[in-house]
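Right, one structure below, let's go through it.
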Amino acid sequence: MKITQTPLVILNFKTYLESTGEKALELARASEQVAQETGVNMAVAPQGADLWRLSQEVEIPVLAQHIDPVDAGGHTGSMLLECAKQAGATGTLINHSEQRMELADIDTIVTKTTAANMTSVLCTNNVETSAAAAALKPDFVAIEPPELIGSGIPVSQAEPEIVEGSVSAIKDINPNVRVLCGAGISTGDDMKSALDLGSEGVLLASGIILAPDPKQALLDLVSKI
1009 MKITQTPLVI LNFKTYLEST GEKALELARA SEQVAQETGV NMAVAPQGAD
1059 LWRLSQEVEI PVLAQHIDPV DAGGHTGSML LECAKQAGAT GTLINHSEQR
1109 MELADIDTIV TKTTAANMTS VLCTNNVETS AAAAALKPDF VAIEPPELIG
1159 SGIPVSQAEP EIVEGSVSAI KDINPNVRVL CGAGISTGDD MKSALDLGSE
1209 GVLLASGIIL APDPKQALLD LVSKI
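The working numbering applies: residue 1009 is where the sequence shown begins, and numbers increase by one.
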């Protein structure tokens, strides 16, 4: 089922040991608890091997980190959309800065996720690519300047013009596409700034995953909404 409610927090587990296997389950459960306690919409994006288990153990949306533009058949090592969906994924990140894709392949995956009634979260890095992304009709565009990812410097404060400009460009092209803000987001002030700039949520990772107490970090993140 597609994600429809905002504000939205998507926690990308990446490939940290702190978000792998048993720890992935702990992190997903913490995210679910925060959603229940605060009413803020939460979703998690674990590694492919953890998709099935997490989707069975928590009720919040579980997303794939990446889907390959392939059909069923001989594509060893690829992530097939149908496999991710059967493993419990309700959507996927697309074109993350750590997994860049060609434009035609991005279009393929957005089309496939739409046909499968899954949520598409298309990552971009500036105003121009955000505008182009909106034309492909994903559910969400997540703005993440790559130089700020993992830096601890939030894009909503370091480069607010990118967020504001992207929101404006996206809405001009397709007002139905919702905007998320990423890169360096980790605190309640960061998220409040992102929402004030016109985004409808955040996509984040290390600021929460590597925190001494991830659940408390998530509570702080949503404390000023």
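Beta carbons: idealized from backbone N, C-alpha and C, even for Gly.
- Taking the C-beta atoms as reference points, N1134 is found nearer than 8 Å to I1170.
- Segment contact: the segment 1040-1059 against the segment 1070-1085, three or more CB-CB distances shorter than 8 Å; contact assigned.
- Minimum Cα-Cα distance from N1125 among the listed residues K1200, T1098, M1199 corresponds to T1098.
- For secondary structure counted as the beta strand (DSSP E) over 3 or more consecutive residues, the segment 1014-1087 holds these complete runs in sequence order: 1016-1020, 1049-1053.
- S1128 and P1146 do touch by the CB rule: their CB atoms are close to 4 Å apart, below 8 Å.
- M1009 is classed as exposed because its beta carbon has fewer than 16 other beta carbons within 10 Å across all chains shown.
- Relative to the Cα of L1059, the nearest Cα in the group Q1041, S1039, T1028 belongs to T1028.
- Under DSSP, no beta-bridge partner is assigned to R1108.
- Linking G1215 to T1122 through their CA atoms gives a straight-line distance of about 30 Å.
- In the DSSP annotation of this structure, the continuous segment of the alpha helix (DSSP H) that includes L1226 starts and ends at 1222-1229.
- With contacts defined by Cβ atoms closer than 8 Å, A1225 and S1194 form a contacting pair.
- DSSP links S1128 through a beta bridge to T1100.
- Between L1025 and the set A1213, K1232, I1233, L1227, the nearest pair of CA atoms involves A1213.
- For L1089, the enclosing alpha helix (DSSP H) covers residues 1089-1094.
- Annotation for I1178: S1138, A1139, A1142, V1149, V1185, V1187 place their beta carbon closer than 7 Å to its own, counting only its chain and skipping 5 residues before and after.
- Less than 8 Å divides the Cβ of L1062 from the Cβ of A1036.
- In the structure shown, L1203 falls within a helical segment according to DSSP collapsed to helix, strand and coil.
- In the DSSP annotation of this structure, I1151 is not part of any alpha helix (DSSP H); the continuous beta strand (DSSP E) holding it starts and ends at 1148-1151.
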